[in-house]
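Here the sequence shown stands for residues 1 to 248, where the numbers follow UniProt numbering. Ideal Cβ positions, reconstructed from N, Cα and C, are used throughout, including at glycine. Since the structure is predicted, the reported quantities are computational estimates derived from the model, not experimental observations. Following: one structure in C-alpha cells, then a few remarks.
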Amino acid sequence: MKILSMSTATNNLSVALNDNNKIVAEKNEYDARNHSAHLDPLIAEILKENKLTLSEVDRFAVAIGPGSYTGLRIGVTTAKMFASILHKDVVGVSTLQALAASCEESGALIVAGIDARNDNYFAGAYVNSMTGSSPLCVIPDGHYHIDTLLSAIKEYYAKNNFPKIIFVGSGFEKQKENIKKLNVEFSFAEEKQNVVHAGLIGRLACKAEADDPDKLLPNYLRRTQAEIDWHKKTGKAYEPDNNYVEEV
Numbered sequence: 001m002k003i004l005s006m007s008t009a010t011n012n013l014s015v016a017l018n019d020n021n022k023i024v025a026e027k028n029e030y031d032a033r034n035h036s037a038h039l040d041p042l043i044a045e046i047l048k049e050n051k052l053t054l055s056e057v058d059r060f061a062v063a064i065g066p067g068s069y070t071g072l073r074i075g076v077t078t079a080k081m082f083a084s085i086l087h088k089d090v091v092g093v094s095t096l097q098a099l100a101a102s103c104e105e106s107g108a109l110i111v112a113g114i115d116a117r118n119d120n121y122f123a124g125a126y127v128n129s130m131t132g133s134s135p136l137c138v139i140p141d142g143h144y145h146i147d148t149l150l151s152a153i154k155e156y157y158a159k160n161n162f163p164k165i166i167f168v169g170s171g172f173e174k175q176k177e178n179i180k181k182l183n184v185e186f187s188f189a190e191e192k193q194n195v196v197h198a199g200l201i202g203r204l205a206c207k208a209e210a211d212d213p214d215k216l217l218p219n220y221l222r223r224t225q226a227e228i229d230w231h232k233k234t235g236k237a238y239e240p241d242n243n244y245v246e247e248v
C-alpha cells in the first residue's frame, strides 16, 4: 500500500511517501512560512521523483493536530480533497503521536509537546509497546499549563514503573528546572526528533482505520480566537460544527 502523508501542523513542512511501513522518501522544509504555497509543489516533486501519479496513491495521511490553526486547515483540507476526488482512504494522525513515534526506546514514558507559549503546551504522554506497534497514549493530548502537565506526569509515573522520561517536541528545555522537581531520570530528545516527520505519520496510518473524508476535522485542542470572539458577542454555547462563523 502506497501512502502519501503530510504535516503542516508546525513550522516544519513535511511530505513523505511510504510503501506500507517502509518510508520510501521524505522531504522537509524547516521553519517554512507559507505552507499553502509550498505543500502542493513538494507533493508533486516527491511523486515525480518516485515515478508515481496521485491516482496511484492508495491512502493519504495527515497530521490533524494539535498545531497551527492555519497550518492544520491547509494540510487537512488537502488530504480530504485528494481522498474525496480520487475515492481513496484518508487517515488523520495526532501530531503528538507522530512526535512520540520518533522515540523508539521501550520502557520510557515519552512526553510529546508543542510550545503554546506562556508556559502552556499542547502535550500528551505515550509509551512504546514491546510488539513495536504504534505508541500508546497514556496521558491524553490536551492544552496544558506546565504545572498541570507535570502534575499529570507525576501522578502517572507514581503508578507505573518507568526508568526514565523522554521529552520530545518544542519548548521543554526552558522548563528544565521545573522538570527536575519530578525527581525522576529524564532526557530531551535529539534535534531531529523534535520536528514532525511525515514518514512517521505514514507508518502510524498504515494499519489505522480510515476516516470519513467528510468528517475529518483538525483537532485544535483549544478554542480559536474566532470562536472566543463569537461566544463573547452572542453569549451562545460553543458548538462543534463551527456555527460561530457568521454568514456574509
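State the Cα-Cα distance for the pair residue 9 and residue 187, rounded to the nearest angstrom.
24 Å
Quick check: residue 143 and residue 221, are their CB atoms within less than 9 Å of each other?
yes
In chain order, which beta strand (DSSP E) runs of at least 3 residues are fully inside the region 98–125?
108–115
Give the DSSP-derived three-state secondary structure of residue 185 in the structure shown.
coil
Let me check one thing: in DSSP terms, what residues is residue 94 bridge-paired to?
65
By Cβ distance below 6 Å, which residues in the same chain neighbour residue 46 in space, the five residues on each side in sequence not counted?
The residues are 15, 17, 25, 27.
Using only the alpha-carbon positions, how far apart do residue 77 and residue 83 sit?
Computed Cα separation, rounded: 10 Å.
Residue 71: which of 193, 179, 110, 13 sits nearest, CA to CA?
13
Could you check which residue in 55, 124, 134 has the C-alpha nearest to that of residue 201?
Nearest C-alpha to residue 201: 134.
Quick check on the burial criterion: 16 or more other C-beta atoms within 10 angstroms. Buried or exposed for residue 235?
By the neighbour-count rule (16 or more Cβ atoms within 10 Å), residue 235 is not buried but exposed.
When we look at the beta-carbon of residue 101 and count the other beta-carbons within 10 Å, is it buried (16 or more) or exposed?
buried
Secondary structure at residue 248, three-state DSSP: helix, strand or coil?
Residue placement at residue 248 is flagged as unreliable, the pLDDT there being 25, under the threshold of 50; a coordinate-derived value is accordingly withheld.
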